[in-house]
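A.B. asks: Residues in the sequence shown are numbered from 3 upward in steps of one, following this note's numbering.
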Amino acid sequence: EEGVQDDDNDDAHESCSAHLPPPKHYISSFAVVADAAFEGVSEEVSKQICEHALQPQTSVSLKTLLQTGRGEFLHKTYKNLDHEERGATEQVLTQVAGFMRRELPIRLAHRIQDLERVPYMSEMPSVVGVKKLYTQSFLEIVEFNEKIIHQDEEEEFARLLEAIYSRHSKVLVQMARGAYEFRDAIRLGQFEGLSTQTSYDQMESTHEFLDRFYLCRIGIRVLIGQYLALRQPPVENYIGIICSQTSPYEIVKRAIDDASFMCTRKYGDAPEVIMSGRLEQTFPYVPTHLHYILLELLKNSMRATVDWHGVDGDFPPIKVVIADGDDNEDVIIKVSDEGGGIPRSNMKKIWSYLFTTADPAIQEGMISVNPTDDHAIDSPLAGLGYGLPISRSYCRYFGGDLSIMSMEGHGTDAFVYLTRLGNTREPVPI
3 EEGVQDDDND
13 DAHESCSAHL
23 PPPKHYISSF
33 AVVADAAFEG
43 VSEEVSKQIC
53 EHALQPQTSV
63 SLKTLLQTGR
73 GEFLHKTYKN
83 LDHEERGATE
93 QVLTQVAGFM
103 RRELPIRLAH
113 RIQDLERVPY
123 MSEMPSVVGV
133 KKLYTQSFLE
143 IVEFNEKIIH
153 QDEEEEFARL
163 LEAIYSRHSK
173 VLVQMARGAY
183 EFRDAIRLGQ
193 FEGLSTQTSY
203 DQMESTHEFL
213 DRFYLCRIGI
223 RVLIGQYLAL
233 RQPPVENYIG
243 IICSQTSPYE
253 IVKRAIDDAS
263 FMCTRKYGDA
273 PEVIMSGRLE
283 QTFPYVPTHL
293 HYILLELLKN
303 SMRATVDWHG
313 VDGDFPPIKV
323 VIADGDDNED
333 VIIKVSDEGG
343 GIPRSNMKKI
353 WSYLFTTADP
363 AIQEGMISVN
373 PTDDHAIDSP
383 LAGLGYGLPI
393 SRSYCRYFGG
403 DLSIMSMEGH
413 GTDAFVYLTR
423 LGNTREPVPI
């Protein structure tokens, strides 16, 4: 199982985040208490969660995921392996399954602990539901054989993770419901010292918790999604969910089509989008992540442009520039609009899960429906103001970033930074 880690160190724990300087966007979780009791579970289960939460999470990189999927680390698990056997799919899957069996309970335990201890939000019914879901998945994995050696064990483990992956697909919306319940509780005066006038800065620990939770959730879903994708028939240029020849141009084109469809459905028309720059450039990335980020930015730009200029007005085009060079450390994508911009006083709030500008009636309607898949075009998240902070988490997960520059009265520029080499490790909290 050591082979799934970065190649900088053969020691199973040397690449863990505990031994690294904090990444740029590192957010530490609440302190681990060795004998903490968790609400709603037995003393024995509480002890299991604490034991796993005391262990550091193993940080991986895009490059590591690619190399592991190709079988480049099989020699770390299978010492007497012939060179020709290194791409053997069965052995790759068994190796990855072994790593997942060890790593996932640790990651889930950290999240359960965080969900238990976040002030105020831990009491919200939807957050309690998410914690129960994570606890159920934690126990199912812990109860599985500790060592996965044979093919039938690997196949059974894959079926378990498939069920967990499907069950967790609605967690983003469920947590959004939790944030809505929290805002509602504040409005009704249920928490002493908190009111609708509470400032963004006063809610800092809650914002940090939500950022940490969503970033770590991306990590869990990437690991499970990559493992399950490796079990599928091979697709050209793909290793699992990672495409070695990801084309920003092609993904922007698809995102334009989707955003235009959504905008036209709502307003009857959509602004034109003009692309320029390094349109032929490709690099290793997860296309679904990049599509989600660009769809969110284009959707926001189109909505702002139509609202600012009026449905019957002439829309200035939205401009997308793809910048990259052979010596650049990042692929950078800029999305520019002339949609009136954002007041400077609201700039902090665009990254907030709690101070959303979404209409309360729309929020209530969307939160009340059964959640669909998180990233569907019709997902309730589309109306909750969650798109930008979630998009930034996707960028940061593989070492990139998302920044917004706005000129009130004119428009907004969004900059997506994506690392070209893919060797940045996940910013997992300890």
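Built from N, CA and C at the ideal position, the CB exists for glycine as well.
Every value quoted in this text rests on a predicted model; they were computed, and no experiment measured them.
1) Assuming I344 is part of the alpha helix (DSSP H), what are its boundary residues?
2) For T96 versus E157, is the C-beta distance shorter than 8 Å?
3) Going by DSSP, what residue range makes up the beta strand (DSSP E) through Y320?
4) On the premise that I334 lies in contact with F417, defined as a C-beta separation below 8 Å, what is that separation, rounded to the nearest angstrom?
5) I need the DSSP call for A39, collapsed to helix, strand or coil.
6) Would you call the CB atoms of E164 and L230 closer than 8 Å?
7) What is the rounded straight-line gap between the Cα of G411 and the Cα of F317?
8) If you count every other CB in all the chains shown that lies within 10 Å of the CB of M102, and 16 or more means buried, which is it?
9) Would you mind working out which of G327, R305, P319 sits nearest L281, comparing C-alpha positions?
10) Looking at the unbroken alpha helix (DSSP H) that takes in K65, where does it start and where does it end?
11) Any chance you could list the beta strand (DSSP E) runs of at least 3 consecutive residues sitting entirely within the region 264-305, in chain order?
12) Tell me the DSSP secondary structure of D415 in three-state form.
13) Any contact of the region 217-228 with the region 108-115, i.e. 3+ C-beta pairs under 8 Å?
14) Tell me the rounded alpha-carbon separation between K65 and G401.
15) Assuming L300 contacts V323 under a Cβ cut-off of 8 Å, what Cβ separation, rounded to an integer in Å, is found between them?
16) Consult DSSP for L240 and reduce its assignment to one of helix, strand or coil.
17) In terms of residues, what are the limits of the alpha helix (DSSP H) holding M177?
18) Once DSSP output is grouped into helix, strand and coil, what is the label at T248?
19) Could you give the distance in angstroms between the alpha-carbon of Y182 and the alpha-carbon of E74?
20) For R189, collect the residues of the same chain with a Cβ closer than 6 Å to its Cβ; drop the 5 residues on either side in sequence, then sort them by chain order.
21) Is the beta carbon of T248 sitting closer than 8 Å to the one on T284?
22) Would you kindly work out how many angstroms separate the C-alpha atoms of E118 and C218, rounded to a whole number?
23) Would you say H170 and I108 are within 8 Å of each other, going by their C-beta atoms?
24) Can you tell me the Cα-Cα spacing of A39 and E274, whole angstroms?
25) Under 8 Å, do G270 and S303 count as touching if we go by C-beta distance?
26) Using CA atoms only, rank isn't needed, just tell me which of N425, T70, S63 is closest to E331.
27) Can you pull the DSSP bridge partners for T421?
28) If you follow the alpha helix (DSSP H) that L56 is part of, which residue opens it and which one closes it?
29) What is the DSSP secondary structure of V337, reduced to helix, strand or coil?
C.D. replies: Put simply:
1) Position 342 of the sequence shown, counted from the first residue, corresponds to residue 344. Neither: I344 is in no alpha helix (DSSP H) and is coded neither H nor E.
2) Start at 1 with the first residue of the sequence shown, and residue 96 comes out as number 94. Start at 1 with the first residue of the sequence shown, and residue 157 comes out as number 155. The answer is no: Cβ separation not under 8 Å.
3) Taking the sequence shown and counting its residues from 1, one reaches residue 320 at position 318. Going by the sequence as given, residue 320 is Ile instead of Tyr. Here the beta strand (DSSP E) through I320 covers 320-325.
4) Here residue 417 corresponds to residue number 415 of the sequence shown, with the count starting at 1. Here residue 334 corresponds to residue number 332 of the sequence shown, with the count starting at 1. Rounded, the Cβ-Cβ distance is 6 Å, consistent with contact.
5) Residue mapping note: residue 39 aligns to position 37 of the sequence shown, counting from 1. Taken through DSSP and simplified to helix, strand or coil, A39 comes out as coil.
6) In the sequence shown, residue 164 corresponds to position 162, counting from 1. In the sequence shown, residue 230 corresponds to position 228, counting from 1. In contact: E164 and L230 (Cβ atoms closer than 8 Å).
7) Taking the sequence shown and counting its residues from 1, one reaches residue 411 at position 409. Taking the sequence shown and counting its residues from 1, one reaches residue 317 at position 315. Annotation: G411 to F317 spans about 15 Å, alpha carbon to alpha carbon.
8) Counting from 1 along the sequence shown, the entry for residue 102 is found at position 100. Buried.
9) Within the sequence shown, the letter at position 279 stands for residue 281. Per the Cα distances, G327.
10) As a working mapping, residue 65 is identified with position 63 in the sequence shown. Per DSSP, K65 belongs to the alpha helix (DSSP H) from 64-71.
11) The DSSP assignment places complete beta strand (DSSP E) segments of no fewer than 3 residues inside the region 264-305 at 275-279, 285-287, in order along the chain.
12) For the purposes of this step, residue 415 is identified with residue 413 of the sequence shown, where counting begins at 1. For D415, the secondary structure class from DSSP, reduced to helix, strand or coil, is strand.
13) When Cβ pairs closer than 8 Å are counted between the two stretches, the region 217-228 is seen to touch the region 108-115, the count reaching three or more.
14) Locating residue 65 in the sequence shown gives position 63, where the first residue counts as 1. Locating residue 401 in the sequence shown gives position 399, where the first residue counts as 1. It is roughly 12 Å from the alpha-carbon of K65 to the alpha-carbon of G401.
15) Residue mapping note: residue 300 aligns to position 298 of the sequence shown, counting from 1. Residue mapping note: residue 323 aligns to position 321 of the sequence shown, counting from 1. The Cβ separation is near 13 Å, so there is no contact.
16) Locating residue 240 in the sequence shown gives position 238, where the first residue counts as 1. Residue identity differs from the one stated: residue 240 is Tyr in this sequence, not Leu. Y240 falls in the strand class under three-state DSSP.
17) Looking up residue 177 in the sequence shown gives position 175. Per DSSP, M177 belongs to the alpha helix (DSSP H) from 173-189.
18) Within the sequence shown, numbered from 1, the residue matching residue 248 stands at position 246. T248 falls in the strand class under three-state DSSP.
19) For this step, residue 182 is matched to residue 180 along the sequence shown. For this step, residue 74 is matched to residue 72 along the sequence shown. Taking the straight line joining both Cα atoms gives about 46 Å.
20) Against the sequence shown, residue 189 aligns to sequence position 187. Around R189: T198.
21) As a first step, residue 248 is located in the sequence shown; it is residue number 246 there, counting from the start. As a first step, residue 284 is located in the sequence shown; it is residue number 282 there, counting from the start. Yes, these two residues count as a Cβ contact at 8 Å.
22) Walking along the sequence shown from the start, residue 118 turns up at place 116. Walking along the sequence shown from the start, residue 218 turns up at place 216. Each residue's Cα considered, the two are about 16 Å apart.
23) On the sequence shown, residue 170 is found 168 positions in, with the first residue counted as 1. On the sequence shown, residue 108 is found 106 positions in, with the first residue counted as 1. No; because the gap between Cβ atoms is not below 8 Å, this pair is not in contact.
24) By 1-based counting over the sequence shown, the position of residue 39 is 37. By 1-based counting over the sequence shown, the position of residue 274 is 272. When rounded, the distance between both Cα atoms is 56 Å.
25) Walking along the sequence shown from the start, residue 270 turns up at place 268. Walking along the sequence shown from the start, residue 303 turns up at place 301. Cβ atoms of G270 and S303: not closer than 8 Å.
26) Position 329 of the sequence shown, counting from 1, holds the residue named residue 331. Relative to the Cα of E331, the nearest Cα in the group N425, T70, S63 belongs to N425.
27) Here residue 421 refers to the residue found at position 419 when the sequence shown is read from its first residue. Note: T421 sits in a beta bridge opposite D332.
28) Here the question's residue 56 lines up with position 54 in the sequence shown. Where L56 is concerned, there is no enclosing alpha helix (DSSP H), given that its DSSP letter is neither H nor E.
29) For the purposes of this step, residue 337 is taken as the residue at position 335 of the sequence shown. Reduced to three states, the DSSP call for V337 is strand.
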